[in-house]
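Q:
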Amino acid sequence: MYNTIKYINCYYPNNILTNEDIANQFPDLKIKELTRLTGVHKRYISGKGETSVDMGVSAAEILLTKNSIDRNSIDFIIFCSAGGDFITPASACIIQNRLGLPSNCGAFDFNQGCTGYIYGLSIADGLIQSNNAKNVLLITSEAITKTIHPDDSSNRAIFGDAATATLVSKNNNGSDNKFIFGTDGSKFDKIIIKHGRERYPLPEYAEQDSLDNYGNAQNDSKFYMDGAEVFNFSVNKAPELVNSLLVQNNITIDDINYFIFHQANQIILETLGKKLKIPKDKLIIDISETGNTVSSTIPIALSNAIRSGKIKRGNRIILAGFGVGFSWGGTILDL
Numbered sequence: 017m018y019n020t021i022k023y024i025n026c027y028y029p030n031n032i033l034t035n036e037d038i039a040n041q042f043p044d045l046k047i048k049e050l051t052r053l054t055g056v057h058k059r060y061i062s063g064k065g066e067t068s069v070d071m072g073v074s075a076a077e078i079l080l081t082k083n084s085i086d087r088n089s090i091d092f093i094i095f096c097s098a099g100g101d102f103i104t105p106a107s108a109c110i111i112q113n114r115l116g117l118p119s120n121c122g123a124f125d126f127n128q129g130c131t132g133y134i135y136g137l138s139i140a141d142g143l144i145q146s147n148n149a150k151n152v153l154l155i156t157s158e159a160i161t162k163t164i165h166p167d168d169s170s171n172r173a174i175f176g177d178a179a180t181a182t183l184v185s186k187n188n189n190g191s192d193n194k195f196i197f198g199t200d201g202s203k204f205d206k207i208i209i210k211h212g213r214e215r216y217p218l219p220e221y222a223e224q225d226s227l228d229n230y231g232n233a234q235n236d237s238k239f240y241m242d243g244a245e246v247f248n249f250s251v252n253k254a255p256e257l258v259n260s261l262l263v264q265n266n267i268t269i270d271d272i273n274y275f276i277f278h279q280a281n282q283i284i285l286e287t288l289g290k291k292l293k294i295p296k297d298k299l300i301i302d303i304s305e306t307g308n309t310v311s312s313t314i315p316i317a318l319s320n321a322i323r324s325g326k327i328k329r330g331n332r333i334i335l336a337g338f339g340v341g342f343s344w345g346g347t348i349l350d351l
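Start counting the sequence shown at 17; every next residue gets the next number (our numbering).
1) List the residues that DSSP assigns as beta-bridge partners of residue 350.
2) Would you kindly report the start and end of the unbroken alpha helix (DSSP H) that includes residue 95?
3) Using C-beta distances below 8 Å, list every residue in its chain close to residue 321, excluding the 5 sequence neighbours before and after it, in chain order.
4) Alpha carbon to alpha carbon, how far is residue 137 from residue 167?
5) Please look up how many angstroms separate the CB atoms of residue 342 and residue 195, rounded, as I've assumed it's under 8 Å.
6) Can you list, in chain order, the stretches of the alpha helix (DSSP H) that have 4 or more residues and sit fully within the region 279-337?
7) Pick from 307, 269, 306: whose alpha carbon is nearest that of residue 291?
8) Find the nearest neighbour of residue 6 within the set 197, 350, 154, judged by alpha-carbon distance.
9) Sort out for me which residues DSSP pairs residue 241 with in a bridge.
10) Count the other CB atoms, across all protein chains shown, that sit within 10 Å of the CB of residue 324; report buried if there are 16 or more and exposed otherwise.
11) Rounded to a whole number of angstroms, what is the C-alpha to C-alpha distance between residue 119 and residue 113?
12) I'd like the list of long-range same chain contacts for residue 34, defined as Cβ closer than 6 Å, with 5 residues on each side in sequence excluded.
13) Return the CA-CA distance between residue 192 and residue 267, expressed in angstroms with no decimal places.
14) Between residue 184 and residue 32, which are expected to be in contact by the criterion C-beta below 8 Å, what is the C-beta distance as a whole number of angstroms?
15) Would residue 224 pass as an interface residue toward chain C - the criterion being a Cβ-Cβ separation below 8 Å?
16) Any contact between the region 36-50 and the region 158-176? By contact I mean 3 or more CB pairs, one from each, below 8 Å.
17) Nearest-angstrom Cα distance between residue 61 and residue 94?
18) In this structure, does DSSP put residue 185 in helix, strand or coil?
19) Tell me whether residue 277 sits in a helix, a strand or coil according to DSSP, three-state version.
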């Protein structure tokens with residue numbers, strides 16, 4: 017990535033769902049074992065009527081106000097989310113108005129799930145390198161819990177809601193680190209919300225509950241994830257991605273200060289660390305307090321590590337996402 021991540025800010029809803037809350041609702045659930053595997057102890061839940069757009073606006077408002085950024089300096093808004101207020105118009109247009117940004121600010125949405133932040137950084141970097149922007153506001157926002165069946169104990173234990181805002185700004189002396197992307201669309205249905213769009217519109221395809229192989233309630237208008245398929249994909253594809261990034265830049269793991277993967281769950285992250293032989297002090301695991309927030313996991317982990325002083329300017333970091341699609345993407349970030 018050539019240009020600079022100047023600021024990152026995060027927003028979390030007010031509602032908190034703890035593991036104790038989940039255990040009370042599902043007394044037969046082996047919550048201790050689930051906690052060990054997922055690494056999640058609590059997650060934030062968007063309020064009734066609070067949308068991914070609302071959360072994205074809140075994250076961006078914090079960033080702009082806290083850092084005294086001139087709103088007229090923002091040239092583009094990129095909004096990454098599986099949600100949104102309406103099918104059309106693009107949510108980024110609504111966000112531009114609510115933030116009071118200038119009318120010469122470009123705005124568009126995209127939906128890329130767990131790899132979304134990497135895609136967003138690449139798009140922002142490209143807009144700046146092509147001289148179409150100097151400052152790009154990248155927002156990730158997921159109200160994923162609204163799509164999870166209330167009786168789906170497994171996914172309720174893993175996922176949480178959150179939004180982030182990142183300001184990517186022009187840097188004339190940046191590092192020429194490329195991005196790597198990939199897709200295996202044959203596995204599109206392994207993480208899916210099937211009903212509700214043109215292929216299977218509602219109410220023509222009405223909701224009908226069923227139980228999956230693990231006893232979790234499902235229907236095709238709610239979020240579905242094939243956990244075994246996702247695990248196998250993640251622990252095989254992410255190491256390939258990291259090795260490709262290292263080869264592309266003619267470096268080794270020793271040259272990287274920190275690794276930030278999509279924070280899918282504890283067991284996937286630990287498995288990646290072992291497969292790649294990453295020293296434990298270089299592997300960022302930041303899922304305990306927020307859960308899997310989809311496109312927001314990488315910026316949350318990056319923001320928290322910078323804010324705590326763990327990651328410092330001058331560090332070299334691998335960012336790698338993988339998930340919905342199936343898709344994957346990564347880059348090397350020189351702070």
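C-beta atoms are modelled at their ideal positions from N, C-alpha and C, and glycine is treated no differently.
Predicted, not measured: the structure shown is a model, and the values here were computed from it.
A: In brief:
1) 332
2) Here residue 95 belongs to no alpha helix (DSSP H); instead the beta strand (DSSP E) covers 92-96.
3) 274, 276, 300, 302, 327
4) 36 Å
5) At roughly 17 Å, the Cβ-Cβ gap does not stay under 8 Å, so residue 342 and residue 195 are not in contact.
6) Counting whole runs of 4 or more residues, the region 279-337 contains the alpha helix (DSSP H) stretches 282-292, 313-323.
7) 269
8) Nothing can be reported for residue 6, as the shown portion of the chain is limited to 17 through 351.
9) 207
10) exposed
11) 9 Å
12) 58
13) 14 Å
14) About 31 Å separates the Cβ atoms of residue 184 and residue 32, ruling out a contact at the 8 Å cut-off.
15) In summary, chain C is missing from the structure at hand, where a single protein chain is found.
16) yes
17) 23 Å
18) strand
19) When DSSP states are grouped into helix, strand and coil, residue 277 belongs to the strand group.
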